[in-house]
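2 protein chains.
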Amino acid sequence: MQVSRRGWLKNAGVACFGAASGGLATSLCTATTTSGMEPTPLPWPYVQLDPEAVAATAYEMHFKAGCCYAVSASIIGELKKKVGAPYTIWPTELMTYGGAGVAGIGTLCGGLNAAAMVTFLVTGSADKTKNGKASEITRDIFNWYAETSLPTYCPPQPKFETVKVVCRSNLCHVSVSKWCKASKCKISSKEREERCACLSGSVAKYTVELLNAQLAGEFKTTHKIPAEAQKCRDCHDKGSAREDARVQMDCGVCHFTKTPHPKL
Amino acid sequence: MQVSRRGWLKNAGVACFGAASGGLATSLCTATTTSGMEPTPLPWPYVQLDPEAVAATAYEMHFKAGCCYAVSASIIGELKKKVGAPYTIWPTELMTYGGAGVAGIGTLCGGLNAAAMVTFLVTGSADKTKNGKASEITRDIFNWYAETSLPTYCPPQPKFETVKVVCRSNLCHVSVSKWCKASKCKISSKEREERCACLSGSVAKYTVELLNAQLAGEFKTTHKIPAEAQKCRDCHDKGSAREDARVQMDCGVCHFTKTPHPKL
Chain A
3 MQVSRRGWLK NAGVACFGAA SGGLATSLCT ATTTSGMEPT PLPWPYVQLD PEAVAATAYE
63 MHFKAGCCYA VSASIIGELK KKVGAPYTIW PTELMTYGGA GVAGIGTLCG GLNAAAMVTF
123 LVTGSADKTK NGKASEITRD IFNWYAETSL PTYCPPQPKF ETVKVVCRSN LCHVSVSKWC
183 KASKCKISSK EREERCACLS GSVAKYTVEL LNAQLAGEFK TTHKIPAEAQ KCRDCHDKGS
243 AREDARVQMD CGVCHFTKTP HPKL
Chain B
3 MQVSRRGWLK NAGVACFGAA SGGLATSLCT ATTTSGMEPT PLPWPYVQLD PEAVAATAYE
63 MHFKAGCCYA VSASIIGELK KKVGAPYTIW PTELMTYGGA GVAGIGTLCG GLNAAAMVTF
123 LVTGSADKTK NGKASEITRD IFNWYAETSL PTYCPPQPKF ETVKVVCRSN LCHVSVSKWC
183 KASKCKISSK EREERCACLS GSVAKYTVEL LNAQLAGEFK TTHKIPAEAQ KCRDCHDKGS
243 AREDARVQMD CGVCHFTKTP HPKL
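Those protein sequences? They're chains A and B, same order as listed. Position in the first sequence counted from 1, then plus 2, gives you the numbering used here. Position in the second sequence counted from 1, then plus 2, gives you the numbering used here.
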């Protein structure tokens, strides 16, 4: 449903992250400056979205321009409809760059890259002391992705039944290769494309669920790095004896998979 | 120097990627629609930039909001000055999200994430059949980063002398840990922050060099994945017997580092 800015103002439940009672006024004020060719400062206004509807859109969009485009455009597209400016000036196709782990390189999953961007867009700030919540939400999404049997979203009438896997990583090539092994399908197969479209739907859905919770003041981290990785951090992370690894990932998926850790 | 759009029009050497002779007209036409709250389609207009000047800005910006912010804001900031709209509406702080491997997670290097975004912004398109050049440039930047002794940029008066390392990876935590080992410095040290600021300068500089070359019609890939990794792809990539790994990275930095590959 297209909601005009005036109509949207009449509705309750609209707020702007990162600001208290003055948030709405601030976001509208800054949004109008877009027509004067000034950037709208973060955070951009967010409203409750329907996670299932966004997931269905992301699934469809995946076939047009890949995962990073699908996750960002499905969420921003809904905000464009419901909020209007400043989302109306967002160049939707930009995030295509992150597809297949950035230009097909197989590094960070494009869906996650988009989820992190959107999360910062609606909860982040130019003031770095105010970015704790954006980081918390992003880390929860990345940990959820690594430890959950995915996809969690599939359309009512999928093109193929998709095997679920836990990939333990935020990297595209790890995620895809684990699925290839489980499904016995190839990377260039239609089944793999369907699986990644379902994954885009899943990531978009979970991101919207967390952003809705944050808007309602109810977000709490539910996905942390595994206890085993936390143990690694006791010796390698900031404040430890070695302080030589700055990372919040499941170390064991790449390290010491076939050889033991040196004796402690 | 601030150049007005009218003044900029008078200058020679301005072009728009992704379009032939009609490119300039197209980009100006679409840029003006920004004031009407419509997104400006990609590619956005690019002009020759000074790589050294952008690197110096990125180095300084790194201390404000990290690598992903620094690399994107240094390049887009120059384009904002020299081109004006549509860059004037870009929310500069947005890319902060990618800092320290996305929200401190230690995955994809934020400088590279920003370089890929900017590359797509000025050479990409909503038409995916036209995105080959953006992917080629992005892959060159990622391969250059992995195989080059970095940083290649340091300011004339650095806060600390920085040890150079080849990290063989596009991941933040691999890059940082290899440098910690070589420098014997900790992740939370001022020396590490200086090193990453120099890295932001280096990535911004190399990205501008490639985008300048592309604008001049002279870009050619000079950094490919290592021959050893290409050998892996002969069995695992698209079109091979197994087709189970979609990736363009240096496999050997993570795989079979301590145990041999199964017999072929």
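Note that the Cβ used here is the ideal one computed from N, Cα and C, for glycine as well. These numbers were taken from a predicted model, which means no experiment stands behind them.
Would you list the residues sitting across from residue 152/B in a DSSP beta bridge?
-> 167/B
So, using beta-carbon positions, are residue 155/A and residue 203/A closer together than 8 angstroms?
-> yes
Extent of the continuous alpha helix (DSSP H) to which residue 214/A belongs = 192 to 217
Taking C-beta to C-beta, are residue 174/A and residue 112/A nearer than 8 angstroms?
-> Cβ atoms of residue 174/A and residue 112/A: closer than 8 angstroms.
Distance, Cα to Cα, residue 160/B vs residue 196/B?
-> Approximately 8 angstroms between the Cα atoms of the pair.
Could you name the residues that DSSP lists as bridge partners for residue 110/A?
-> Residue pairing by DSSP places residue 110/A opposite 173/A in a beta bridge.
Looking at the C-beta of residue 63/A, does it have a partner C-beta in chain B at a distance below 8 angstroms?
-> It does not: the Cβ of residue 63/A has no partner Cβ on chain B nearer than 8 angstroms.
Below-8 angstroms beta-carbon distance, residue 130/A vs any chain B residue = yes
Residue 92/A versus chain B: which residues are under 9 angstroms apart at the beta carbon?
-> 41
Using the Cα positions of residue 237/A and residue 227/A, report the straight-line distance between them to the nearest angstrom.
-> 15 angstroms
Separation of residue 166/A from residue 102/B, as counted between CA atoms | 30 angstroms
Could you name the residues of chain B that residue 110/A contacts, counting a contact when the two beta carbons are closer than 8 angstroms?
-> 104, 109, 110 and 115
If you count every other CB in all the chains shown that lies within 10 Å of the CB of residue 76/A, and 16 or more means buried, which is it?
-> buried
Spatial distance of residue 109/B from residue 172/A (CA atoms) = 8 angstroms
Which first and last residues belong to the alpha helix (DSSP H) in which residue 232/A is found?
-> 229 to 238
Amino acids of chain B, ordered along the chain, whose beta-carbon sits closer than 9 angstroms to that of residue 76/A = In chain order: nothing, as chain B lies at least about 16 angstroms away.
So which residues of chain B does residue 144/A contact, with C-beta pairs closer than 7 angstroms?
-> 107
Touching by the beta-carbon criterion (3+ pairs, under 8 angstroms), the region 114 to 127 of chain B and the region 61 to 81 of chain A | no
For the alpha helix (DSSP H) containing residue 63/A, list its first residue and its last residue.
-> 53 to 67
Rounded separation between residue 181/B and residue 164/B - CA only = 9 angstroms
Between the C-alpha atoms of residue 241/A and residue 224/B, what's the straight-line distance to the nearest angstrom?
-> 41 angstroms
Are the C-beta atoms of residue 267/A and some chain B residue less than 8 angstroms apart?
-> Past the boundaries of the shown model lies residue 267/A; chain A is included only from 3 to 266, so the question cannot be answered.
State buried or exposed for residue 267/B, treating a residue as buried only when at least 16 other CB atoms are found within 10 Å of its CB.
-> The structure shown does not extend to residue 267/B, since chain B is modelled only from 3 to 266, so the question has no answer here.
Can you pull the chain A residues whose beta carbon is under 8 angstroms from the beta carbon of residue 202/B, in chain order?
-> In chain order: nothing, as chain A lies at least about 15 angstroms away.
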